[in-house]
Amino acid sequence: MKVRLPDGKELELPEGASGADAAAAIGPGLARAALAVRHDGQLRDLQATLADGTEIEILTDSAGDEALELIRHDAAHVLAEAVTELYPGVKVSIGPAIDGGFYYDFEFPEGTTISDEDLPAIQERMEEHMKAGEGFERRDVGTDEALEIFRAEGQDYKVELIEDLIRDEGVETVSLYRNGEFTDLCRGPHGPGTDRIGAVALQSVAGAYWRGDSDRTMLTRIYGTAFFDRKALEAELERLEQARARDHRRLGKELGLFEFSEVSPGSAFWLPKGTAIWNELVALSREMGEPRGYQEVKTPQLYDAELWKTSGHWEKYRENMFTTSTEEREFGLKPMNCPGHAHLFSSRRWSHRELPVRYSEPGLLHRNELSGTLHGLLRVRHFAQDDAHVFCTEEQVAEEVAACLEFAFATYGIFGFDVSIELSTRPEQRIGTDEMWDTAEKALTDALDAQGLEYTVNEGDGAFYGPKIDLHMTDSLGRSWQLGTVQLDYSMPERFDLAYTGADDREHRPVMIHRALMGSYERFIGILVEHYAGEFPVWLAPVQAVVLPISDRHADAAAAVRDELAGRGLRVQADLRSESVGRRIRENELQKIPYMLVVGDEEAGKGTVAVRRHGVGDVGEMAVGDFAARLEEESSTRRDLPVEAAG
RNA sequence: GCCGGAGUAGCUCAGCUGGUCAGAGCACCUGUCUUGUAAACAGGGGGUCGCCGGUUCGAAUCCGGCCUCCGGCUCCA
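First residue of the first sequence? That's 168 in this note's numbering, and the numbers climb one at a time after it.
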């Protein structure tokens, strides 16, 4: 028989030849490096027999992410093998490869708990199996036989998986993979053997619900990662260590940006330096919003429960709301600005000529998030969004959604963010008719397609009142967080009986677009801190420059420089402490302040400063006025100017 | 909320199996030094060892409950 190779050549093989045979026929080097074979587009074991006339490609350990994914999945099986040996009676569930590694979920016998301290022993056992070079043996069996095997072993989760496969997909056979004494239900493919997993590291243990369902058993998940060689593994562990240094919670404390306290869990206390960043972002939002037709409004924090009943929050969102009552009236603290804005819109009559109306508000919100979900600035209970609601006609929807996306990308461009786009569709808990959802989902899809944007679809992840386009960024450890969102809403206008008078002199229902671009200022700043590793561009830096007198007798000259710059609206301080210059430079460097301006005898007389740039060093002497102009330019353009180290 | 882990001076952390274990560095305060591009020197103050309860002659150390934080899960900006 013949198979075709990626370079177009044909390879003659005996009937019934496998991927391994094909690799061997091409060359011994490839045979050694081979991990799996792509056969008509599908990745299969090397042992799989090839069919005549098909196209094949041998996957080797130099195939990048795909190869890593394969051995990480292998490693998950070895993990399960080690755990079943070390903890008799353990029940296994599933263990896939994930971005950056793999995990396996187990149910340990009653009374056995696993912690990080148990990982080294498990890892050691895994390494023994890797050294032994056990093969991954595939066997296809009838579902009856598979059920019998796993029932006999008391592997209830596997039994459930097979039963579901039979029920949902009508399968009659399933594949089993055996490495050593461990047999797992698995679709495959797997590499040729455990010795191909070069190096493995178990990283953490965590709880995870069986099938991601919070009503079901909490399993114990063990996370790990694997690479082809120890060097790559260690580089990755080193990278993770480095990433921890960028953690916004750590930098926020070190740089004096914000604090958290037990007295208000999930709520940041913003220090002056963090507030300076916050204010710059709000200013940016206003500056960009104004020419785009946004008008800022201010609405209350607390609303009668009636308003939340009208909006649907009382029914669909109440468990996330903080409520209170006074004089026998019940109130809810706002978790969103939309009902307030809808109420505001309804307070007068509108002509179609006036639409779209775009109300923005950096409103303060409270959401009663589950305690276990709180996470620094990235997940809080009290936050503010760069929120706005656009009230427009049906005909204006496409243009307005497109304008929101333009605004969003213009904003991210300033920070050099590379966001990923997700379209979230109707959730189970929702208000509004299916027709409304059809219309809204189509409108968003059309807007994305019209701009040729790439996106993934999150079925069922929409807001309860409408579908949304979400814009995501990852933090220093690669966790994805939603920043911006553009949500289309046909329900709220109906619930609030919103109307405008059309050209036909009849009443029409406007459409509401909810949008936040940075998302919440809290989360955005958290991501920003990690993105810049605390080394903010000049326009965002809480302190843009610090003036350093060489000795006490230069204090007045230094203070004068500070006053002149601060008088021009720049965030400049003077470090007049009687500490050594080296000491003060060190401390201000650690604070990652963009500029230090040294003033001594040489400079004081001439009205200059010796400029030191963070991360660069001494960049030479400048007249105070020239430096001020530079700082002003960097602030107003929101772009740092290039610098070169002096001499 | 759920699973696992942690909680000692402002910060980072030491303190093994209960008995001078309440410590170190940095920070802070006082004094001296008056400084040229990443840490001057000396002295000093500071903690009911997260909170509540229990075991014990005796608890930072053991047990229970609660709070907060960390890693995940569920949920979400």
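Even for Gly, the Cβ is constructed at its ideal location relative to N, Cα and C. Nothing here was measured: the structure is a model prediction, and the numbers come from that model.
When you compare each of the options to residue i by their alpha carbons, which one comes out closest?
i	options	result
threonine 477	Pro660, Phe425, Lys440 and Gly686	Pro660
glycine 627	Thr560, Ala777, Gln596 and Val728	Gln596
arginine 646	Ile598, Ile265, Val372 and Arg459	Ile265
aspartate 351	Tyr271, Lys420 and Asp335	Tyr271
phenylalanine 303	Pro356, Ser643 and Val710	Pro356
leucine 611	Lys398, Thr600, Arg593 and Ile598	Arg593
lysine 176	Gly499, Lys759 and Thr221	Thr221
arginine 413	Ser513, Leu644 and Ile581	Leu644
serine 747	Val765, Thr775 and Ile717	Ile717
alanine 577	Gly360, Leu451 and Asp768	Leu451
arginine 239	Asp396, Glu277 and Ser513	Asp396
arginine 459	Trp475, Glu421, Glu573 and Glu521	Glu573
histidine 510	His556, Val786, Ala725 and Arg682	His556
valine 338	Ala313, Asp232, Glu454 and Glu236	Ala313
aspartate 671	Ser518, Gln462 and Ala189	Ser518
leucine 707	Gly749, Gly479 and Pro761	Pro761
glutamate 561	Leu424, Ile588 and Lys609	Lys609
tyrosine 632	Ala614, Ala607 and Gly183	Ala607
alanine 373	Gly358, His296, Gln209 and Leu286	Leu286
glycine 358	Arg515, Glu788, Ala198 and Pro634	Ala198
methionine 826	Glu315, Phe275, Thr392 and Asp219	Because the chain in this structure spans residues 168 to 814, residue 826 falls outside the shown range and cannot be described.
Would you report the Cα separation of residue i and residue j, rounded to the nearest angstrom?
i	j	result
phenylalanine 584	threonine 310	49 angstroms
valine 524	glycine 686	20 angstroms
leucine 180	aspartate 212	17 angstroms
glutamate 497	isoleucine 692	34 angstroms
valine 791	leucine 737	13 angstroms
asparagine 755	isoleucine 444	18 angstroms
asparagine 346	glycine 619	46 angstroms
leucine 178	leucine 172	7 angstroms
glutamine 552	threonine 491	23 angstroms
tryptophan 377	leucine 638	29 angstroms
glycine 629	alanine 733	47 angstroms
proline 439	glutamate 426	11 angstroms
glycine 267	methionine 640	17 angstroms
isoleucine 193	serine 342	29 angstroms
alanine 812	aspartate 554	42 angstroms
aspartate 232	serine 434	39 angstroms
tyrosine 579	valine 586	8 angstroms
glutamine 462	tyrosine 526	5 angstroms
Classify residue i as helix, strand or coil using the three-state DSSP reduction.
i	result
alanine 366	strand
cysteine 559	strand
glycine 736	coil
serine 492	strand
glutamine 290	helix
serine 185	strand
histidine 508	helix
isoleucine 272	The sequence shown places aspartate at residue 272, not isoleucine. Looking at aspartate 272 - three-state DSSP - the assignment turns out to be strand.
aspartate 785	strand
lysine 176	coil
aspartate 719	helix
serine 428	coil
methionine 455	helix
aspartate 637	strand
tyrosine 390	strand
I'd like the list of long-range same chain contacts for residue i, defined as Cβ closer than 6 angstroms, with 5 residues on each side in sequence excluded.
i	result
threonine 843	It is not possible to answer for residue 843, since the shown part of the chain is limited to 168 through 814.
aspartate 807	Pro704, Val705 and Glu801
glutamine 290	Leu369
alanine 243	Gly262, Phe269 and Tyr271
alanine 820	Lying before the first or after the last residue shown, residue 820 is absent from the chain, which here runs from 168 to 814.
alanine 184	Leu217
leucine 531	Ala551
Can you give me the Cβ contacts of residue i inside the same chain, cut-off strictly under 7 angstroms, excluding the 5 residues immediately before and after it?
i	result
aspartate 323	Lys258
glycine 603	According to the sequence as given, residue 603 is methionine; it is not glycine. For methionine 603, where only same-chain residues beyond five positions count, the Cβ hits under 7 angstroms are Tyr657 and Ser658.
aspartate 616	none
glutamate 589	Tyr622, Thr623, Asn625, Asp637 and His639
Take residue i and list the residues in its own chain whose beta-carbon comes closer than 8 angstroms to its own, dropping the five residues that flank it on each side.
i	result
arginine 383	Tyr376 and Trp377
Touch test, the segment 224-235 against the segment 319-331, Cβ-Cβ under 8 angstroms, three pairs minimum: The answer is no - the segment 319-331 does not touch the segment 224-235, with fewer than three Cβ pairs under 8 angstroms.
Do the segment 779-786 and the segment 726-739 make contact, defined as three or more Cβ pairs closer than 8 angstroms? Contact between the segment 779-786 and the segment 726-739 is absent, with fewer than three C-beta pairs closer than 8 angstroms.
Evaluate the contact criterion for the segment 669-677 versus the segment 688-706: three or more CB pairs, one atom per stretch, below 8 angstroms. Touching, no, given that fewer than three Cβ pairs across the two stretches are closer than 8 angstroms.
Decide yes or no for the touch test of the segment 354-372 against the segment 325-332: beta carbon pairs closer than 8 angstroms, at least 3 of them. No, they do not touch.
Stretch-stretch touch, CB-based, cutoff 8 angstroms, three pairs: the segment 482-491 with the segment 532-552: Taking 8 angstroms as the limit for Cβ pairs, the verdict is that the segment 532-552 does touch the segment 482-491.
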